[in-house]
């Protein structure tokens, strides 16, 4: 199993995977690392990614893009209404007030939610990852903008669930970038943190975050954002040129969606060119509208003047992050920039002016987010071993909790999480209640979402104690690892009075019950009593003690996202569409295979290599069939089942395969005959060399040579007969001798030859020694004997000297 990180962008997506050698960004089926965030519907199939973007101009109504900004929102949302001004496809309001995207799919009108469209894109990314890694992919980490609210985060999780992905965590995009930056740093300090600013300006958003690094740890400090990006610069430039073309050519590009889309494409190219050139650059579009070619130009300075208000918003966002982080210029170590729009020189200049630091581009501006997500997924997944690196993210919005009053008292309210609070985190609240009540969690500050309410929870099964008094209720409010705020649990603490030391067994039971109470450790460092008081029976006699029992309370939640039933239905619908796509792919492949075979075979039969091997009547008959099939493919056979195409292809093969086999026989047999004749000549040459007394074969017997001779003569007779038959046979008839028969004869003769001629010669026997050699050997032995005697004498003399010295030493010791 492999783990991946997905950078889900408004314009394109990147997928990275953690491998043994590090992090690798995966390429799609077009060998590109970036997969466009586009989903298209064409007839009976869905077109995803690169292919969808390539046919955007010709299939505008059924090509969906820019749907990331529609996730989790309602149709009447002002943000959505503003987006609809730039969206060419059809969007409508659903019965529940949500967004419906209407497309033509399977020759019917279908309405999909933005979550379903996102799930289709995730299906493509999952398929790309599985193909690139040659392994099943389930676990993943998906990045989100820091400004995403609960509704948008829950919508993204629902989309991943529909696609069958197991999301280990939703990670803020700047946090993923910071992780990619800090994980490989070997020089991080252990005490004083290193503060780094990360600026991510992409296609549709600007995000700025401050981060503190220590060895093995990452802590986010503050974030600022604005929903502007490279596309906003494109819109400004496109509007400028549209107005110029209206004055100059009397055509209005805004009235033609296809022309305006082409203008946006050319303007984006021009913007990228201006990042590297300050000179005036041309803009030329052929047949723009009404067959009119348009021409214009623009300089970088003009673009910056037109987009001045956007640049001021960028500057305000940068300053806000600096202010919220409470860092001085001297405390900032460096500023890292990522995202395609940071390549705009004016934005880079603003970054350097605000932070008084040179903008650093050590990170990959396009792939750093996905690589950081893959790192986080590897850290969290048990399938991959990675060194520990702690990541502490932040909750970007302040959160408050409110609850119903009881007994005529006003409702209560409390701020539980301030802005930029660390996450994940949980806080335990203590209330005293007699009956079930409602709680509401909402944002305590302005957010880029029309409804500040996160959710409403109804806490049930609460009742007064035996004396009719309120009981203690503990509510756990949590920011989970996905940045989603929720009430995760509620429990009732039932207390009963007991006389001290009256029953020792009851003390043990009380201790056991207390051990079941919720822990206040591990992200739950505080217990808050927001009502500021205690039960009326809190003061007890010192001789008495209280026994408590913790009871979990059921919760009914009304919050964002689909219900489990809806998720199941959407997942089943996605599975059916995947199966339909696969079936359609097989059908199209079968049709293409038939069409390709028709064209290929017709060319070969008419004037190609197969023409000499078929008689005229059969050739005309097959060619007529090929013409009929071609016409059928473009008429009633345009949309048939896969088996119909396969049946027609099989019928064609049954008629043409014998012709191709006959052609192969006639073209291959001459060389096979020549090879057999060459082997016969080699056999006879070996026999002649043996008869001529050659030493090469003098180890062979006469019987073996006779066997080779007979085998060669037999093969020669068979070769002469087969060749005569081959030359007498017309090319339109099957040859009487097959290629396999020739190869069999060649194999038989070769085996007979090799088994005899390749047998190695036996080793010659050792010749007996002569008298002169014997005499030389005896003299050499005598010389060696004398040398040994001299060496023995020298050794004895040395040994005697050693004994003399030993005797002298012994004598001295005695004295």
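Numbering (our numbering), first residue to last: 3 to 817.
All C-beta atoms in this analysis are idealised placements derived from N, C-alpha and C, irrespective of residue type, glycine included.
Cβ neighbours of residue i in the same chain (closer than 7 Å, five flanking residues each side left out)
i	result
residue 553	493, 494, 496
residue 365	179, 182, 183, 338, 340
residue 739	724, 727, 728
residue 256	244, 262
residue 100	76, 77, 115
residue 333	197
residue 823	Summary: the structure shown does not reach residue 823, with the chain confined to residues 3 through 817, and so no result is reported for it.
Residue i - partner residues in DSSP beta bridges
i	result
residue 459	441, 559
residue 427	481
residue 39	BP columns for residue 39 are empty, so no partner.
residue 376	In DSSP, residue 376 forms no bridge with anything.
residue 283	300
residue 76	100
residue 203	208
residue 24	21
residue 56	Paired residue(s): none; residue 56 is not in a bridge.
residue 405	414, 441
residue 752	The partner list for residue 752 (beta bridge, DSSP) is empty, contrary to what the question assumes.
residue 65	42
residue 339	201
Counted within 10 angstroms of its Cβ, other Cβ atoms place residue i as buried (16 or more) or exposed
i	result
residue 96	exposed
residue 87	exposed
residue 318	exposed
residue 622	exposed
residue 567	exposed
residue 14	buried
residue 667	buried
residue 457	buried
residue 765	exposed
residue 484	buried
residue 794	Confidence at residue 794 is low in this model, with a pLDDT of 42, below 50, so the placement of that residue is unreliable and no value is reported for it.
residue 220	buried
residue 560	exposed
residue 157	buried
residue 708	exposed
residue 693	exposed
residue 697	exposed
residue 563	buried
residue 369	buried
residue 271	exposed
residue 636	exposed
residue 650	buried
residue 7	buried
residue 822	Shown here, the chain extends from 3 to 817; a query on residue 822 therefore has no answer.
Within-9 Å CB hit, residue i to chain D
i	result
residue 684	Absent from the structure: chain D. Only one protein chain is present.
Closer than 8 Å: residue i CB and nearest the ligand MG heavy atom
i	result
residue 363	Here there are no bound small molecules, and the ligand MG is not part of this structure.
For residue j and residue i, believed in contact at Cβ under 8 Å, the rounded distance
i	j	result
residue 445	residue 401	6 Å
residue 117	residue 146	The pair is not a contact, with the Cβ atoms about 14 Å apart (cut-off 8 Å).
residue 61	residue 42	6 Å
residue 124	residue 167	6 Å
residue 472	residue 434	4 Å
residue 18	residue 380	Actually they do not touch by this definition, with Cβ atoms about 10 Å apart.
residue 371	residue 208	With 8 Å as the limit, residue 371 and residue 208 do not qualify as a contact, their Cβ atoms being about 14 Å apart.
residue 130	residue 34	Not confirmed; about 10 Å, so no contact.
residue 4	residue 135	5 Å
Own chain, CB closer than 8 Å to residue i, minus 5 neighbours either side, in chain order
i	result
residue 713	685, 750, 751, 754, 755
residue 674	741, 744, 745, 748
residue 585	644
residue 681	717, 748, 751, 752, 755
Other residues of its chain near residue i: CB distance less than 6 Å, five sequence neighbours each side excluded
i	result
residue 442	404, 458
residue 593	647
residue 126	50, 51
residue 478	428, 430, 490, 491
Quick check for students: name the residue ranges of the alpha helix (DSSP H) that lie wholly in the region 663 to 712, counting only runs of 4 or more.
none
Threshold first: 3 residues or longer. Then list the beta strand (DSSP E) segments lying entirely within the region 98 to 159, N to C.
101 to 107, 110 to 114, 139 to 146
Residue ranges of each alpha helix (DSSP H) run of no fewer than 4 residues wholly in the region 592 to 672, ordered along the chain?
618 to 635
Along the chain, which unbroken stretches of the alpha helix (DSSP H) at least 4 residues long are found entirely within the region 221 to 257?
232 to 251
Contained beta strand (DSSP E) runs [length at least 3] in the region 290 to 335, N- to C-terminal order:
294 to 300
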